[in-house]
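All the letters of the sequence shown, read from the start, carry residue numbers 1 to 85 under this note's numbering. Everything below concerns the one structure shown next.
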Amino acid sequence: MLSEPIITIDVHGMTVEKALETIHKKVNGAGSAVYEVRVIHGFHGGTQIRSAVRDEFSYGREPKVKRVQPGDNEGITRLILKELF
């Protein structure tokens, strides 16, 4: 079975700790075909999770994540695992 190139995780309603745990599991379990983990945390109620995700996965803290960038709206954060050229 082929892996999807983008994994989407919805962490609405989770605590910051539970959201980070869930995201770490997905990132660490991502196969070689996955180039992005898209985290949907929401905007109005998800700002604590958004800040925690961007802090946790930035600055080379997670070796599998090459960079962190905002999504198409403020309720999404994209974790880039592999650059596509």
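Note that beta-carbon positions come from the ideal geometry of N, C-alpha and C, so glycine has one too.
When secondary structure is reduced to three states using DSSP, threonine 15 falls in the coil class, being assigned neither helix nor strand. Under the 10 Å beta carbon count, leucine 84 is surrounded by fewer than 16 other beta carbons and is classified as exposed. Boundaries of the beta strand (DSSP E) harbouring glutamate 36: 36-40, taken from the DSSP string. Membership of aspartate 72 in any alpha helix (DSSP H) is not indicated, and neither H nor E is assigned to it by DSSP. A Cβ-Cβ contact shorter than 7 Å links arginine 78 with arginine 38. The three-state reading of DSSP puts leucine 84 in coil, since its state is none of H, G, I, E or B. By the neighbour-count definition (other C-beta atoms within 10 Å, threshold 16), histidine 41 is a buried residue. For arginine 50, the enclosing alpha helix (DSSP H) stretches over residues 47-57. Beta-bridge partners assigned by DSSP to arginine 61: none are found.
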